[in-house]
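As structure tokens, the structure follows; a few thoughts come after it.
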Amino acid sequence: MARRRFRRQQFWLKRLGEKWRRPRGRQSKLRKEIAGRKRVKVGFGTPRALRGKVLVGNELRNVVYVRCLADLANVKPSDVVIVASSIGKKKYLEILKRAEELGIKVLNRRKALLHELKGEEK
Numbered sequence: 038m039a040r041r042r043f044r045r046q047q048f049w050l051k052r053l054g055e056k057w058r059r060p061r062g063r064q065s066k067l068r069k070e071i072a073g074r075k076r077v078k079v080g081f082g083t084p085r086a087l088r089g090k091v092l093v094g095n096e097l098r099n100v101v102y103v104r105c106l107a108d109l110a111n112v113k114p115s116d117v118v119i120v121a122s123s124i125g126k127k128k129y130l131e132i133l134k135r136a137e138e139l140g141i142k143v144l145n146r147r148k149a150l151l152h153e154l155k156g157e158e159k
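Read in order, the letters of the sequence shown correspond to residues 38 to 159 in our numbering.
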């Protein structure tokens, strides 16, 4: 039940990454779907069982998006959290502290702020 991997047309060239880009060439066989590999289409979506989940260690876990401290109340310990990027330093540290107390894993820990969290404990 793995996700399908699509690569761009000339992925073997060093200056071009493997990330999917739509072929736009006038004579491109891949664009016209005459030759080449499969193209990205609606039917190739992520399987329902994997949507909204992320692999942590060897197990699939639900991902919960947190915008404020109150959002942590609804999170189960088996879930993982992503903190909104719009959250400032002060509230981010509060959310991290509360998540540690509840035993919830935070996926996007900001390395620049982690030393401040440890500095408060000393």
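We treat Cβ as the ideally placed atom computed from N, Cα and C, and that holds for glycine.
- In the DSSP secondary-structure assignment, Tyr129 is not bridged to any residue.
- Note on geometry: alpha-carbon atoms of Gly73 and Arg42 lie some 14 Å from one another.
- Short of 8 Å from the beta carbon of Trp57, and not among the five residues preceding or following it, lie these beta carbons of its own chain, in chain order: Phe43, Arg44, Arg45, Val77.
- Looking at Glu138, Val103, Ala107, Asp108, the one whose alpha-carbon comes closest to that of Leu144 is Val103.
- Looking at the backbone, the Cα of Asp108 and that of Gly89 are separated by about 17 Å.
- Per DSSP, the beta-bridge partners of Lys90 are Asn99.
- Annotated as distal: Leu97 and Arg135, with beta-carbon spacing of 8 Å or more.
- Annotated as distal: Val100 and Lys142, with beta-carbon spacing of 8 Å or more.
- According to the DSSP assignment, Arg68 belongs to the alpha helix (DSSP H) that extends over 66-69.
- Collapsing the DSSP output to three states places Lys56 in coil.
- With at least 16 other beta carbons inside 10 angstroms of its own, Leu133 counts as buried.
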